[in-house]
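First residue of the sequence shown? That's 1 in this note's numbering, and the numbers climb one at a time after it.
Below is one structure, written out as structure tokens; the observations come after it.
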Amino acid sequence: MNFATFEPAYEAILADFGFDRAADERARDAAADLATPFDLDRLGDWRGETVAVAGAAPCLADEIALAREADVVVAASTAADVLVDRGVAVDCMVTDLDKNPETAAELTREGVPVAAHAHGDNVPAVREWLPRFADEWTLATTQAAPAGPVRNTGGFTDGDRAAFLADHVGAGELVFPGWEFDDPAVDPMKARKLDWAARLLRWLERRRGERFSVLDGRREETDAALREIIGADIGNERGGDDSAGG
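Here you go:
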């Protein structure tokens, strides 16, 4: 995914939530001042592999086997703690530093890559935590245009950003333990973010020509939303590589 392809979705997200693009760019720039370039080869070779994109919903505890059996495990936020506590090695963590930054920092010190995300309202966390991460294992990301060492491989929430990252580096199959789009325990803002995660995963599914079981029963709804955002056909076309890393 390159940023030019993703940008219409990003602009729709900004409009829907009332987010400030300039604030995202300031956060990106703060991360760029602290981060170093990250070669995606450090993630390992995920080409053709089954990648478990582990969400942090309570059902993850019941779906550990799906992660354990995968070739690669990418954990969104607190999913990393659940997996490690149950003896499942995490190969990459994706986080916007809002819940368990201590886990992320520790993973980088252990040589596990962490995609640390900067957005408009987490600049204090970016400035506090990125200096505590091991530079070599920290991939700084943004939802705005990429700049310097900060990449954008697509996505919005930690979970769908993890899926887009896996796709970007050539994952063969994506599986989704620990996902729940209709979690009644979340607040209205989180519920809206989960709706967006479903839309973006559907877009990714269409681009990959794959079927994500986590989207069963949601495709008609998400397709209607996608047509308003990115057009009817773009979801079936693979974007080119982005030399800027987006």
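Note that CB positions come from ideal geometry on N, CA and C, so glycine has one too.
Sequence-distant Cβ neighbours of residue 40 in its own chain, meaning closer than 7 Å and more than five residues away, are 169. Judged by DSSP secondary structure, residue 115 falls within the beta strand (DSSP E) whose first and last residues are 114-118.
Note on residue 120: 16 or more other CB atoms within 10 angstroms of its CB, so buried under the neighbour-count rule. Bounds of the beta strand (DSSP E) holding residue 75 are 72-76. Counting of Cβ neighbours within 10 angstroms places residue 4 among the exposed residues, the total staying below 16.
Between the stretch 51-59 and the stretch 104-122, the count of Cβ pairs shorter than 8 Å is below three; the stretches do not touch. Under a 10 Å Cβ-count criterion, residue 213 is classified as exposed, with fewer than 16 other Cβ atoms of the shown protein chains found around its own Cβ.
With a beta-carbon spacing of about 19 Å, residue 197 and residue 118 fall beyond the 8 Å limit used to define contacts. Restricting attention to 195, 172, 176 and 175, the CA atom closest to the CA of residue 183 is found in 195.
Distance from the CA atom of residue 148 to the CA atom of residue 135, rounded to whole angstroms, is 15 Å.
The DSSP-derived three-state label of residue 219 is helix. If the five residues before and after residue 25 are omitted, its C-beta is found closer than 6 Å to the C-beta atoms of 144, all from its own chain and listed in chain order. Nearest to residue 21 by alpha-carbon distance, out of 7, 225, 157 and 153, is 7.
In chain order, 198, 201, 202, 205 and 222 place their CB closer than 8 Å to the CB of residue 215, counting only its own chain and leaving out the 5 sequence neighbours on each side. DSSP places residue 47 in the strand class (E or B) of the three-state scheme. In the three-state reduction of the DSSP assignment, residue 142 falls in the strand class, which pools E and B. Here residue 85 is exposed: its Cβ has fewer than 16 other Cβ atoms, across all protein chains shown, within 10 Å. In the three-state reduction of the DSSP assignment, residue 1 falls in the coil class. Contact between the stretch 59-79 and the stretch 122-140 is absent: fewer than three C-beta pairs spanning the two stretches fall below 8 Å.
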